[in-house]
Amino acid sequence: ERLLGVPIEIISGQEEARLIHLGVMQTAHPPGDRCLVMDIGGGSTEVILGTMEKVETAHSLEMGCVAYMRRYFPDGRYGPKTLRRAMKAGRLLLEPLHEIYRSGWEHALGASGTFRAAHAFAKAQGWLDGEDLTAGAVHEMAEVIREGGSVEELAERGLSTSRSQVFPAGVAILASLFEEFELDHVTPAEGALREGVIHDLVGRFHEHDAREATVARLEARYGVDRVHAARVRDTALR
């Protein structure tokens, strides 16, 4: 705050999920489609179910590629035991959500760097024919991690140095999501948290904020006299 000169707002996991969903929906599918949105971050993974208009349900889980890398692959080396431990931890967190997210949506979308890096890596290895990340490609990536090695070797296979540092953990979380939610393919999304924040701020200025819409619906439901409410507000402020 001293450096920037502005207050910093720390958002909750639920608010992060809402903003991620907003960012993805702005670049993904037309209104009406029900989508499963997933975002693997550094410290958490968000899973959201909803349409363009609203979030129906959302969860923020304490599993991220940086956190899992430190916990399960601390020396930068990977193999069958480390992958098994990371995936077991991931599936334990996801298991209670199995019935909520495994069906009832038209599109599965993956936001942020892990999905995009996994898609690019799988395409470079010749494991993909289309633009979606498939369960088969995720299985192949898991096999690479299961075979064992170091993050330096991943960089030699085409990953950037920064992405290779967290890729084993990202693959473990990806594989857990695909298995627990019984996914066949996921489309990498263009938008994510950053785009969601921008759209949210723009919406506030142009009265398209979801919170404003919620307040308006409550006013309509209970017959609130907005003119009188404004007078009460002004009196209270004075």
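Position in the sequence shown counted from 1, then plus 29, gives you the numbering used here. Beta carbons are placed, not taken as given, at the ideal position from N, Cα and C, and that holds for glycine.
Continuous alpha helix (DSSP H) stretch holding residue i: start and end
{"i": "Asp263", "result": "Arg255 to Leu266"}
{"i": "Ala118", "result": "Pro109 to Leu123"}
{"i": "Leu203", "result": "Phe196 to Glu209"}
{"i": "Arg63", "result": "Unbroken run through Arg63: none, as it is neither H nor E."}
{"i": "Glu176", "result": "Ala164 to Glu176"}
Beta carbon of residue i nearer than 8 angstroms to that of residue j
{"i": "Gly71", "j": "His50", "result": "no"}
{"i": "Met67", "j": "Gly139", "result": "yes"}
{"i": "Leu203", "j": "Ala147", "result": "yes"}
{"i": "Val215", "j": "Met170", "result": "no"}
{"i": "Glu219", "j": "Thr56", "result": "yes"}
{"i": "Gly142", "j": "Arg192", "result": "yes"}
{"i": "Ser73", "j": "Met54", "result": "no"}
{"i": "Ile69", "j": "Ala46", "result": "no"}
{"i": "His136", "j": "Asp213", "result": "no"}
Start-to-end residues for the beta strand (DSSP E) that takes in residue i
{"i": "Leu78", "result": "Thr74 to Gly79"}
{"i": "Met92", "result": "Per DSSP, Met92 belongs to no beta strand (DSSP E) and is neither H nor E."}
{"i": "Val35", "result": "From DSSP, Val35 is part of no beta strand (DSSP E); its letter is neither H nor E."}
Three-state class that DSSP yields for residue i in the structure shown
{"i": "Leu51", "result": "helix"}
{"i": "Thr56", "result": "coil"}
{"i": "Ala221", "result": "coil"}
{"i": "Ser41", "result": "coil"}
{"i": "Glu181", "result": "helix"}
{"i": "Leu188", "result": "coil"}
{"i": "Arg250", "result": "helix"}
{"i": "Glu82", "result": "coil"}
{"i": "Arg100", "result": "helix"}
Chain-order list of residues whose beta-carbon lies under 6 angstroms from that of residue i (same chain, five-residue window excluded)
{"i": "Val226", "result": "Leu48"}
{"i": "Met98", "result": "Val195 and Ala198"}
{"i": "Phe210", "result": "Tyr130 and Arg131"}
Chain-order list of residues whose beta-carbon lies under 8 angstroms from that of residue i (same chain, five-residue window excluded)
{"i": "Arg255", "result": "Glu248"}
Cβ-based neighbour list, residue i, same chain, cut-off 7 angstroms, excluding 5 preceding and 5 following
{"i": "Arg145", "result": "Pro217"}
(request) Let me know the beta strand (DSSP E) ranges lying completely inside the segment 125–149, each 3 residues or longer, listed in chain order. (result) 136–140
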